[in-house]
Every structure is written in C-alpha cells, then in structure tokens.
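Engineer: Here it is, the structure, as structure tokens.
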Amino acid sequence: MNIVVAVSAPHISYNLPALTEHLKLDGKVLAAMYKGTIKTWNDPQISALNPGQPQDIALLPDIGEPL
Numbered sequence: 009m010n011i012v013v014a015v016s017a018p019h020i021s022y023n024l025p026a027l028t029e030h031l032k033l034d035g036k037v038l039a040a041m042y043k044g045t046i047k048t049w050n051d052p053q054i055s056a057l058n059p060g061q062p063q064d065i066a067l068l069p070d071i072g073e074p075l
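In terms of this note's numbering, the sequence shown opens at residue 9 and continues consecutively.
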C-alpha cells in the first residue's frame, strides 16, 4: 500500500527579460512543453495566455535550449 505524504506543483524557472509581467502557463501548456510539442516561446498557446507581451519574445532561444 502506498500513502501520499506530499503533493507539490511543478516549478518552472525562466529568464525572459523581454517580458513585462510574469509568464502565465496553464496545465495544458506545461504538459505540451514537457512532451516537446511546444518548442518555442512564441507558440500560439503561450501567446494566448500572455496577451500584450512583447513580440520580440520570438527572438529568444527555443524551449530547452541554453540561454
């Protein structure tokens, strides 16, 4: 028998100086990032959650690439 003693949300660290606010990500987007189906920061799903953010976010490295 297994007993769960703690539950924790994933912590995502990012360094995106072009952002004017904190990056908003939901569970669907996080799952897609982990699965590799979202590979760029300017993906439409990320952009939809973060309207009004600078368009030059497209110039940042792909997700998973070193800065």
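Glycine is no exception: its CB is placed at the ideal position from the N, C-alpha and C atoms. Source: prediction; values computed, not measured.
In three-state terms, what does DSSP make of Ala26?
Structural biologist: It is coil, neither helix nor strand.
Engineer: Does Met9 come out as helix, strand or coil in the three-state DSSP assignment?
Structural biologist: In this structure, Met9 counts as coil in the three-state DSSP scheme.
Engineer: With a cut-off of 8 Å on the beta carbons, I'd call Gln61 and Thr28 a contact; round off their distance for me.
Structural biologist: Between Thr28 and Gln61 the Cβ distance is about 7 Å, and since that is below 8 Å, they are a contact.
Engineer: Buried or exposed: Met41, going by 16 or more other Cβ atoms within 10 Å of its Cβ?
Structural biologist: Under this definition Met41 is a buried residue.
Engineer: Quick check on the burial criterion: 16 or more other C-beta atoms within 10 angstroms. Buried or exposed for Asn10?
Structural biologist: Exposed, since its Cβ has fewer than 16 Cβ neighbours within 10 Å.
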